Amino acid sequence: MQCRICSNKENNTTYEAREMMLGLRDLHTYFKCGSCGCLQIANVPENIQEYYPSDDYYSYDQIKTETGFKKKLITLRDRYAATGEGFIGKVLQMRMPHDKLPQLQKTGVTTDSKILDVGCGAGHLLHTLRECGFNHTHGIDPFNTKNIQYSNGLTIKQQSIHDVTETGWDLIMLNHSFEHVLDQHETLTQIKKLLKPGGVCMIRVPTVSSWAWDHYGVNWVQLDAPRHFFLHSQESMQVLADKIGLELRATVYDSFAFQYWGSEQYLKDIPLQDERSYAVNPDKAPFDDTQIQNYAIRSKALNAEQQGDQAAFYFHKAEA
Ligand SMILES: [Zn+2]
Numbered sequence: 001m002q003c004r005i006c007s008n009k010e011n012n013t014t015y016e017a018r019e020m021m022l023g024l025r026d027l028h029t030y031f032k033c034g035s036c037g038c039l040q041i042a043n044v045p046e047n048i049q050e051y052y053p054s055d056d057y058y059s060y061d062q063i064k065t066e067t068g069f070k071k072k073l074i075t076l077r078d079r080y081a082a083t084g085e086g087f088i089g090k091v092l093q094m095r096m097p098h099d100k101l102p103q104l105q106k107t108g109v110t111t112d113s114k115i116l117d118v119g120c121g122a123g124h125l126l127h128t129l130r131e132c133g134f135n136h137t138h139g140i141d142p143f144n145t146k147n148i149q150y151s152n153g154l155t156i157k158q159q160s161i162h163d164v165t166e167t168g169w170d171l172i173m174l175n176h177s178f179e180h181v182l183d184q185h186e187t188l189t190q191i192k193k194l195l196k197p198g199g200v201c202m203i204r205v206p207t208v209s210s211w212a213w214d215h216y217g218v219n220w221v222q223l224d225a226p227r228h229f230f231l232h233s234q235e236s237m238q239v240l241a242d243k244i245g246l247e248l249r250a251t252v253y254d255s256f257a258f259q260y261w262g263s264e265q266y267l268k269d270i271p272l273q274d275e276r277s278y279a280v281n282p283d284k285a286p287f288d289d290t291q292i293q294n295y296a297i298r299s300k301a302l303n304a305e306q307q308g309d310q311a312a313f314y315f316h317k318a319e320a
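Here the sequence shown is numbered in UniProt numbering, starting from 1 and rising by one per residue.
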């Protein structure tokens with residue numbers, strides 16, 4: 001088997017991983033590259049689309065929009081979370097944090113930035129950004145069934161990155177979509193083309209350079225066979241950056257308690273969608289609140305040690 005990232009064929013290690021989100025439990029072969037460390041699926045199943053829940057995987061209409069004073073506060077919090085600006089927003093973010101926006105701060109975006117979210121599903125994150133003043137945000141997802149038009153002006157197109165022609169983006173981000181993409185080099189090459197000089201590509205993915213992979217192996221919940229084609233290592237992301245000609249400037253770990261309780265469930269043969277799953281029935285799950293809180297605390301510690309099971313990778317395009 002040849003690594004799709006670095007082309008190495010030597011010293012690869014194979015693993016058999018079960019489908020455990022839906023609970024089908026069928027086996028899929030993965031191999032870990034002996035050179036760059038990327039864990040990847042050996043063969044993509046021909047019926048891969050059957051591994052995605054069909055009905056309402058993304059809930060288009062369920063974006064809750066607050067009104068009045070609460071909306072104002074949330075707007076201030078979210079703008080601070082994304083840009084690092086505004087004192088009241090800072091206090092609010094400390095008290096009830098938004099967990100996906102702070103990763104944007106490292107990209108240097110402002111409310112004037114042109115932002116493209118690739119593989120954004122219903123576009124919840126973009127919707128939040130629109131609500132707090134980011135007016136140049138757009139989303140695409142080739143797996144949506146239709147284009148989506150929100151009343152605040154946000155449009156989500158059913159489109160592949162390869163069909164985007166508009167250039168000059170300040171930020172192109174992929175929030176847990178890159179691991180589902182088979183043509184890794186081509187996708188990143190296209191992104192580089194679309195970014196403005198000095199622009200940033202932020203890729204948030206699960207990573208095999210983590211305690212969870214070392215500890216749980218094929219029962220690691222974010223391996224997610226066979227939907228995740230690539231579980232990158234720090235090294236394999238660097239290989240991609242070098243090959244494409246982007247600078248990998250930073251990696252920020254942002255894992256959470258899911259890596260513990262999800263993987264513990266798989267060890268006990270409890271799928272994510274099972275009646276006994278914490279995701280379905282917290283009361284019937286084999287964890288109490290103290291344990292879940294403990295998992296959250298331990299996840300923060302793992303992130304600080306660069307050992308969490310997911311991270312944001314920041315690729316910079318050179319200035320002209
Ligand atoms: Zn490799």
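Note that beta-carbon positions come from the ideal geometry of N, C-alpha and C, so glycine has one too. Predicted model only: the values in this text are computed from it and were never measured.
For this session: Say whether the segment 89–97 touches the segment 151–168, bearing in mind that this needs 3 or more beta-carbon pairs closer than 8 Å, one atom from each stretch.
Result: no
Exercise. Helix or strand or just coil, what does DSSP make of residue 94?
Worked result: The sequence position of residue 94 within the sequence shown is 94, counting from 1. Three-state DSSP puts residue 94 in a helix.
Problem set entry | Under 9 Å between C-beta atoms of residue 126 and residue 167 | Position 126 of the sequence shown, counting from 1, holds the residue named residue 126. Position 167 of the sequence shown, counting from 1, holds the residue named residue 167. Going by C-beta atoms, residue 126 is not nearer than 9 Å to residue 167.
For this session: Would you check if there are 3 or more beta carbon pairs closer than 8 Å linking the segment 131–144 to the segment 105–120?
Result: Enough Cβ pairs lie closer than 8 Å, so yes.
For this session: Please determine, among 120, 228, 11, the residue with the shortest C-alpha to C-alpha distance to residue 28.
Result: As a first step, residue 28 is located in the sequence shown; it is residue number 28 there, counting from the start. Measuring from the Cα of residue 28, the nearest candidate turns out to be 228.
Exercise. Mapping DSSP to helix, strand and coil, what is residue 282?
Worked result: Here residue 282 corresponds to residue number 282 of the sequence shown, with the count starting at 1. Collapsing the DSSP output to three states places residue 282 in coil.
Problem set entry | residue 32 in three-state terms, based on DSSP | One-based indexing of the sequence shown puts residue 32 at position 32. Of the three classes helix, strand and coil, the one that applies to residue 32 here is strand, per DSSP.
Problem set entry | Own chain, CB closer than 6 Å to residue 144, minus 5 neighbours either side, in chain order | The residue labelled residue 144 in the question sits at position 144 within the sequence shown. 158.
Exercise. So, residue 311 versus residue 255, is the Cβ gap smaller than 9 Å?
Worked result: As a position in the sequence shown, residue 311 is number 311, starting the count at 1. As a position in the sequence shown, residue 255 is number 255, starting the count at 1. Yes, they are a contact pair.
For this session: Count the other C-beta atoms from every protein chain shown that fall within 10 angstroms of the C-beta of residue 39, then say buried if there are 16 or more, exposed otherwise.
Result: Along the sequence shown, one-based indexing puts residue 39 at 39. Label assigned to residue 39: buried.
Problem set entry | Distance between residue 269 and residue 277 (C-alpha atoms, nearest Å) | Numbered from 1 along the sequence shown, position 277 holds the residue referred to as residue 277. Numbered from 1 along the sequence shown, position 269 holds the residue referred to as residue 269. Those two C-alpha atoms are separated by around 10 Å.
For this session: Measure the C-alpha to C-alpha separation of residue 303 and residue 147 and round it to an integer number of angstroms.
Result: Locating residue 303 in the sequence shown gives position 303, counting from the first residue. Locating residue 147 in the sequence shown gives position 147, counting from the first residue. Between residue 303 and residue 147, the C-alpha separation is close to 36 Å.
For this session: Report all residues from its chain with a CB closer than 8 Å to the CB of residue 319; omit the five preceding and five following residues, and keep chain order.
Result: Position 319 of the sequence shown, counted from the start, is the residue given in the question as residue 319. Excluding sequence neighbours, residue 319 sits near 197, 198.
For this session: Note the first and the last residue of the continuous alpha helix (DSSP H) segment covering residue 260.
Result: Within the sequence shown, the letter at position 260 stands for residue 260. Following the DSSP letters along the chain, one finds residue 260 inside the alpha helix (DSSP H) bounded by residues 258–267.
Exercise. Could you give the residue range of the alpha helix (DSSP H) that holds residue 237?
Worked result: Taking the first residue of the sequence shown as position 1, residue 237 is located at position 237. Residues 234–244.
Problem set entry | Bridge partner(s) assigned by DSSP for residue 115 | By one-based count along the sequence shown, residue 115 stands at place 115. Secondary-structure assignment with DSSP links residue 115 through a beta bridge to 137, 171.
Problem set entry | Of the listed residues 251, 297, 52, nearest to residue 104 (C-alpha basis) | Here residue 104 is taken as the residue at index 104 of the sequence shown, counted from 1. It is 251 whose Cα lies nearest to the Cα of residue 104.
Exercise. Where residue 225 and residue 68 are concerned, what is the direct C-alpha to C-alpha distance, given to the nearest angstrom?
Worked result: Position 225 of the sequence shown holds residue 225. Position 68 of the sequence shown holds residue 68. Whole-angstrom Cα-Cα distance: 44 Å.
Problem set entry | Sequence-distant residues of its chain with Cβ nearer than 6 Å to residue 259 (five each side left out) | By 1-based counting over the sequence shown, the position of residue 259 is 259. 212, 309, listed in sequence order.
Problem set entry | Run of the beta strand (DSSP E) containing residue 229, from where it starts to where it stops | Taking the first residue of the sequence shown as 1, we reach residue 229 at position 229. Per DSSP, residue 229 belongs to no beta strand (DSSP E) and is neither H nor E.
For this session: Select from 230, 117, 292, 129 the residue whose C-alpha is nearest the C-alpha of residue 326.
Result: An answer regarding residue 326 cannot be provided, because it is not within the stretch 1 to 320 covered by the chain.
Problem set entry | Collapsed DSSP secondary structure at residue 195 in the structure displayed | Here residue 195 refers to the residue found at position 195 of the sequence shown. Note: residue 195 maps to strand in three-state DSSP.
Problem set entry | For residue 232 and residue 35, the rounded distance between their alpha carbons | The residue labelled residue 35 in the question sits at position 35 within the sequence shown. The residue labelled residue 232 in the question sits at position 232 within the sequence shown. The alpha-carbon atoms of residue 35 and residue 232 are separated by roughly 12 Å.
For this session: Could you work out which residue in 292, 79, 234, 301 is closest to residue 37 when comparing CA atoms only?
Result: As a working mapping, residue 37 is identified with position 37 in the sequence shown. Of the candidates 292, 79, 234, 301, the one whose C-alpha sits nearest the C-alpha of residue 37 is 234.
Problem set entry | Close-in-space but distant-in-sequence residues of the same chain around residue 178 (CB under 6 Å, 5 per side omitted) | Start at 1 with the first residue of the sequence shown, and residue 178 comes out as number 178. The residues are 203, 205.
For this session: Can you say whether residue 161 is buried or exposed, counting buried as having 16 or more other CB atoms within 10 angstroms of its CB?
Result: Within the sequence shown, residue 161 is the residue found at index 161, counting from 1. With 16 or more Cβ atoms within 10 Å of its Cβ, residue 161 is classed as buried.
Problem set entry | Of the residues 149, 132, 120, the one placed nearest residue 141, counting alpha carbons only | Position 141 of the sequence shown, counting from 1, holds the residue named residue 141. Out of 149, 132, 120, 120 has the C-alpha closest to the C-alpha of residue 141.
Exercise. Based on the DSSP output, what are the partners of residue 202 in its beta bridges?
Worked result: The sequence position of residue 202 within the sequence shown is 202, counting from 1. DSSP, once it has assigned bridges, lists 173, 314 as partnering residue 202.
Exercise. Is it right to say residue 299 is buried, meaning 16 or more other beta carbons lie within 10 angstroms of its own, or is it exposed?
Worked result: For the purposes of this step, residue 299 is taken as the residue at position 299 of the sequence shown. The residue in question, residue 299, is buried, as its Cβ has 16 or more Cβ neighbours within 10 Å.
Problem set entry | Range covered by the alpha helix (DSSP H) that runs through residue 40 | The residue you call residue 40 lines up with position 40 of the sequence shown. Note, residue 40: premise wrong, no alpha helix (DSSP H); beta strand (DSSP E) at 39–41.
Exercise. Taking 8 Å as the cut-off, does the CB of residue 7 come closer than this to any heavy atom belonging to ligand 1?
Worked result: For this step, residue 7 is matched to residue 7 along the sequence shown. For residue 7, the distance from the CB to the nearest heavy atom of ligand 1 is below 8 Å.
For this session: Give the DSSP-derived three-state secondary structure of residue 158 in the structure shown.
Result: For the purposes of this step, residue 158 is taken as the residue at position 158 of the sequence shown. Residue 158 falls in the coil class under three-state DSSP.
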